[in-house]
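Novice: From first to last, the protein sequence lines are chains A and B.
Following my numbering, the numbering of the first sequence begins with 774 at its first residue and continues without gaps.
Following my numbering, the numbering of the second sequence begins with 4 at its first residue and continues without gaps.
One structure coming up, written as structure tokens, with questions to follow.
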Amino acid sequence: MDPIKILTANIDKPNSTSIDVYREGGGYNALEKALKMKPEEITQAVKDSELRGRGGAGFPTGGKWSFVPKNAPKPTYLLCNADESEPGTFKDRLLIERDPHLLIEGMIISAYAIGSCPMSYIYIRGEFHYGSTVLEKALAEARQRGYLGKNILGSGFNLDITVARGAGAYICGEETGLIESLEGHRGQPRVKPPFPAIIGVFGGPTVVQNVETLTCVPLIISHGAEWFKSFGSPKNTGPKLYCVSGTVRKPGVYEFPMGINLKELIFDHCGGVPEGRKLKAVIPGGASAPMLTPGEIDIPLNFDSLMKAGSMLGSAGIIVLDDSVCIVDAAWRLAKFFAHESCGQCTPCREGTNWMESILDRIERGGGRPGDADNLYDIASNIGSVVDLKESGKSLCALGDASTGPVMSSVRKFRDEYVYHIEHKSCLPGTRRYRRLDAPIAAH
Amino acid sequence: MAELHPDNPYAPDRFPDPEKHVEFPPEAKKKFEWILTRYPNKEAALLPTLHLAQEVWGWISPETVHYIGSLLDLSPATVFGVVSFYNMYNQKPVGKYHLQVCTNLSCMVNRAYDIYDHLCERLRVNPGGTTPDGLYTVVEVECLGSCGTAPVVQVNNDYHENMTVEKMDALLPRLR
């Protein structure tokens, strides 16, 4: 399969962030077309395209929009989730920094379709300072040309967009955490229901969409749902950005029709693992996604086939690990991440993530005890699960479930390595730990 | 928040200092007024206002917490609750250059800990600490969303990608 340039059509153009360059490539034509359509027609087109959310859950976008009640007593909001913080994911940053107008156009069309109030927000993670300045500049250009503001292109539709910066919290990528944060609170997720589509930000119906999802919308309006569906397979449609990182020769963002084969992506397009090494494990969808072994990677990268394989596409953050990596060390690092990012609200996640981290750290330090592997698995299954629906939902939001992905999968698929580590008090020969254990422990 | 340490600016006996008068300079005040126009209520302006305060003073002191609370009609406890939840709000002064090394998985397997340990050793600071001249603070941070160009070190607002120990050594003298 050959790479495509659809979502990334503009990113290599000189001065790609300017509105003039974007206009030359046909930018904002979709908006002109959309504003002549009825909002329901746009929602129907998005439904017909079978576009699924690119943030992680893969929820059908058109379906989400149709949950928004008409004539709700409070204003309806469209929020863009640009809090890209899933380890291994860096596609939204590329779109924001190199083609901000595509996102803005997608937001205006989507806001029109859901009947949004005249203010929309892009919640961008605080660390993306450069991205937020690019967006601010692009928004100013769009206002100047009449694509934002009152009576956009004579349609009677009013909209402005504000860039709201986060302040360093992974949990604010969870949609109700994001809503809480936007309201000026600690980013602690809400109990659902009510779902945001009914009661979201500032009490109004709210649609939260990922950056990449919104950038698909102008394409669907311009080229039609059938064209969009010509990429990928049924229910897994459209162009898709894949982020490849880890121990791989050519890391980066790659665009393919949804469903590129994972093995082909790693070995044919990304150059495989470094010279003299072998592939050991692949995390296919960001830190939360269960690891796959080399025998499991001959698989199309889409929502349904990865779920069937016991993992998930998530945010399409593919982390490649070669045979020099100690799997316990890798699991420890991700467990440490989730322990740090747990918001502290519900018990299974707050306590469990820290237990997993300290047990993994203990094994790394040579203090592993027989039964630790089972212990880890047991703790993880009491926090939740990303793959087993019967086991999920024990914690308040998806972070708890997510935290179990790397731990459960590594214990199940690399149990021998855990056992070796516990018995021999050291990494499996030929693998290494990347941190120094004698280093002082961080003060925060 | 970690337990209260004697030099913790939030220790109860030092909270807040009435002698320290805190107020936004005129430029920042204008920006604050603009922020208020972008949200339907005052409370929602809290995060951007804290970002603004950190731009002005470099950290969020207990006095700043009270000041921002008075601007937005929020209790100091509410404001501090938000400050302590988010990583990016500094609860104590940081160096002129805030060296934030991502050590999450993709950066780790590309030797991020080598850079982190090297920085701590070369600058003779503990993790999270600041050099005595107030020039550098070194911290380990979680994923910065730059895994394709790992390892990444964020210096104040700027990303430095594809870093190595050598590149870090070459960068340091330029940060004075």
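Just so you know, even glycine gets a beta-carbon here, dropped at the ideal spot from N, CA and C.
Every value quoted in this text rests on a predicted model; they were computed, and no experiment measured them.
When you check each C-beta in the segment 853-872 of chain A against every C-beta of chain B, which residues fall closer than 7 Å?
Specialist: Cβ contacts with chain B: Glu857, Ser858, Pro860, Gly861, Thr862, Phe863 and Arg866.
Novice: Within 10 angstroms of the Cβ of Glu124(B), are there 16 or more other Cβ atoms? Answer buried if so, exposed if not.
Specialist: Within the second sequence, residue 124(B) is the residue found at index 121, counting from 1. Exposed.
Novice: With 8 Å set as the bound, which would you pick, yes or no: does the beta-carbon of His54(B) sit closer than that to a beta-carbon of chain A?
Specialist: Here residue 54(B) refers to the residue found at position 51 when the second sequence is read from its first residue. Judged by the 8 Å Cβ criterion, His54(B) is in contact with chain A.
Novice: Here's the rule I'm using: 16 or more other beta-carbon atoms within 10 Å means buried, otherwise exposed. How should His69(B) be labelled?
Specialist: Your numbering for residue 69(B) matches position 66 in the second sequence. Answer is buried; the Cβ neighbour count reaches 16.
Novice: So which residues of chain B does Ser1018(A) contact, with C-beta pairs closer than 8 Å?
Specialist: One-based indexing of the first sequence puts residue 1018(A) at position 245. Correct list: Ser109, Cys150, Gly151 and Ala153.
Novice: Alpha carbon to alpha carbon, how far is Ile779(A) from Val158(B)?
Specialist: Counting from one through the first sequence, the residue named residue 779(A) turns up at place 6. Counting from one through the second sequence, the residue named residue 158(B) turns up at place 155. Spanning the two alpha carbons is a distance of roughly 33 Å.
Novice: Check Tyr1027(A) in the structure and name its three-state DSSP category.
Specialist: By one-based count along the first sequence, residue 1027(A) stands at place 254. Three-state DSSP puts Tyr1027(A) in a strand.
Novice: Contact defined as beta carbons within less than 8 Å: I believe Val980(A) pairs with Ala970(A). What is the distance between those atoms, to the nearest angstrom?
Specialist: Here the question's residue 980(A) lines up with position 207 in the first sequence. Here the question's residue 970(A) lines up with position 197 in the first sequence. The Cβ separation is near 6 Å, so the contact holds.
Novice: Suppose only complete runs of 3+ residues qualify. What are the beta strand (DSSP E) ranges in the segment 120-149 of chain B, listed by chain order?
Specialist: Taking only runs of at least 3 residues, the beta strand (DSSP E) segments lying wholly in the segment 120-149 of chain B are 139-144.
Novice: I'd like to know whether the C-beta of Asp120(B) is nearer than 8 Å to at least one C-beta of chain A.
Specialist: Here residue 120(B) refers to the residue found at position 117 when the second sequence is read from its first residue. For Asp120(B), the answer is yes, since a Cβ of chain A falls inside 8 Å of its Cβ.
Novice: According to DSSP, is Arg916(A) helix, strand or coil?
Specialist: Taking the first sequence and counting its residues from 1, one reaches residue 916(A) at position 143. In this structure, Arg916(A) counts as helix in the three-state DSSP scheme.
Novice: If you reduce the DSSP assignment to three classes, tell me which class Asn737(A) lands in.
Specialist: Residue 737(A) falls outside the range modelled here, since chain A spans only 774 to 1217, and no answer is possible.
Novice: So with CB distances below 7 Å, who are the chain A contacts of Arg41(B)?
Specialist: Position 38 of the second sequence, counted from the start, is the residue given in the question as residue 41(B). What Arg41(B) touches in chain A: Thr935.
Novice: Just the C-alpha distance for Arg918(A) and Glu878(A), rounded to the nearest angstrom, thanks.
Specialist: Sequence index remark: in the first sequence, residue 918(A) carries index 145 (1-based). Sequence index remark: in the first sequence, residue 878(A) carries index 105 (1-based). Each residue's alpha carbon lies about 13 Å from the other.
Novice: Tell me which residues share the same chain as Met171(B) and place their Cβ nearer than 6 Å to its Cβ, disregarding the 5 neighbours each side in the sequence.
Specialist: Within the second sequence, residue 171(B) is the residue found at index 168, counting from 1. The answer, listed in chain order, is Ile118.
Novice: Ignore the nearest five residues each way along the sequence and tell me which others in Gly1178(A)'s own chain have a CB closer than 6 Å to its CB.
Specialist: Against the first sequence, residue 1178(A) aligns to sequence position 405. If we look at Gly1178(A) and ignore the five residues flanking it on each side, its Cβ neighbours are Ser1061, Ala1062, Pro1063 and Val1159.
Novice: What in chain B is Cβ-close to Ile1092(A), meaning under 9 Å?
Specialist: The residue given as residue 1092(A) occupies position 319 in the first sequence. Under the 9 Å cutoff, chain B gives Leu108, Ser109, Val112 and Cys150.
Novice: How many angstroms separate the CA atom of Glu956(A) from the CA atom of Leu1086(A)?
Specialist: For the purposes of this step, residue 956(A) is taken as residue 183 along the first sequence, with counting starting at 1. For the purposes of this step, residue 1086(A) is taken as residue 313 along the first sequence, with counting starting at 1. Whole-angstrom Cα-Cα distance: 30 Å.
Novice: Looking at C-alpha atoms only, which residue of Tyr885(A), Pro846(A), Gly798(A) and His874(A) is the closest neighbour of Lys811(A)?
Specialist: Here residue 811(A) is taken as the residue at index 38 of the first sequence, counted from 1. Selected option, being the one with the closest Cα: Tyr885(A).
Novice: For the candidate residues Asp1151(A), Asp872(A), Asn844(A) and Gly1032(A), whose alpha-carbon lies nearest to that of Phe1076(A)?
Specialist: Here residue 1076(A) is taken as the residue at index 303 of the first sequence, counted from 1. Ranking Asp1151(A), Asp872(A), Asn844(A) and Gly1032(A) by Cα distance to Phe1076(A) puts Gly1032(A) first.
Novice: So is Met4(B) buried or exposed if we call it buried at 16+ other beta carbons inside 10 Å?
Specialist: Against the second sequence, residue 4(B) aligns to sequence position 1. Bear in mind that the predicted position of Met4(B) carries a pLDDT of just 42, short of 50, making it too unreliable to give a figure here.
Novice: Quick check: is any heavy atom of the ligand SAM less than 7 Å from the C-beta of Cys1122(A)?
Specialist: Among the components modelled here there is no ligand, and therefore nothing to report on the ligand SAM.
Novice: Say whether chain B places a C-beta atom closer than 8 Å to the C-beta of Ser1182(A).
Specialist: Residue mapping note: residue 1182(A) aligns to position 409 of the first sequence, counting from 1. No, because no Cβ of chain B sits closer than 8 Å to the Cβ of Ser1182(A).
Novice: Note down the Cα distance separating Cys1099(A) from Asp1151(A), rounded to an integer number of angstroms.
Specialist: As a first step, residue 1099(A) must be located in the first sequence, where it is residue number 326. As a first step, residue 1151(A) must be located in the first sequence, where it is residue number 378. Taking the straight line from one Cα to the other gives about 22 Å.
Novice: Count the other CB atoms, across all protein chains shown, that sit within 10 Å of the CB of Leu1162(A); report buried if there are 16 or more and exposed otherwise.
Specialist: Residue 1162(A) sits at position 389 when you count from the first residue of the first sequence. The residue in question, Leu1162(A), is exposed, as its Cβ has fewer than 16 Cβ neighbours within 10 Å.
Novice: Does the CB of Ala1216(A) have a neighbour CB from chain B at under 8 Å?
Specialist: As a first step, residue 1216(A) must be located in the first sequence, where it is residue number 443. Here the model assigns Ala1216(A) a pLDDT of 46, short of 50, so the residue's position is not dependable, and the following value carries that caveat. Closer than 8 Å to some Cβ of chain B, the Cβ of Ala1216(A) qualifies, so yes.
Novice: Pick from Gly976(A), Lys1053(A) and Tyr1015(A): whose alpha carbon is nearest that of Cys1043(A)?
Specialist: The sequence position of residue 1043(A) within the first sequence is 270, counting from 1. Residue Tyr1015(A) is the option with its Cα nearest to Cys1043(A).
Novice: Where Pro787(A) and Ser1168(A) are concerned, what is the direct C-alpha to C-alpha distance, given to the nearest angstrom?
Specialist: Working through the first sequence from its first residue, we reach residue 787(A) at position 14. Working through the first sequence from its first residue, we reach residue 1168(A) at position 395. Pro787(A) and Ser1168(A): Cα-Cα distance of roughly 47 Å.
Novice: What does the alpha-carbon distance come out to for the pair His1217(A) and His101(B)?
Specialist: As a working note, residue 1217(A) is residue 444 in the first sequence. As a working note, residue 101(B) is residue 98 in the second sequence. The predicted model places His1217(A) with a pLDDT of 43, which falls under 50 and marks its position as unreliable; any figure quoted below should be read in that light. Cα-Cα distance, rounded: 14 Å.
Novice: Could you tell me which residues DSSP pairs with Tyr850(A) in its beta bridges?
Specialist: The sequence position of residue 850(A) within the first sequence is 77, counting from 1. Thr979(A).
Novice: Please compile the residues from chain B whose C-beta is within a distance smaller than 8 Å of the C-beta of Phe901(A).
Specialist: For the purposes of this step, residue 901(A) is identified with residue 128 of the first sequence, where counting begins at 1. Residues of chain B passing the Cβ test: Gly148.
Novice: Just checking: is the beta-carbon of Pro79(B) within a distance shorter than 8 Å of some beta-carbon in chain A?
Specialist: Here residue 79(B) refers to the residue found at position 76 when the second sequence is read from its first residue. False, the Cβ-Cβ gap to chain A never drops below 8 Å.
Novice: With DSSP run on the structure shown, which of helix, strand or coil describes Thr1066(A)?
Specialist: The count along the first sequence starts at 1 and reaches residue 1066(A) at position 293. Note: Thr1066(A) maps to coil in three-state DSSP.
Novice: Can you find a CB in chain B that lies within less than 8 Å of the CB of Gly960(A)?
Specialist: Reading the first sequence from its first residue, position 187 is the one you call residue 960(A). Yes - at least one Cβ of chain B is within 8 Å of the one on Gly960(A).
Novice: As a quick exercise: from Leu987(A), Arg866(A), Gly939(A) and Glu947(A), pick the residue whose alpha carbon is nearest that of Val907(A).
Specialist: The residue given as residue 907(A) occupies position 134 in the first sequence. If we check each option's Cα against that of Val907(A), Arg866(A) comes out closest.
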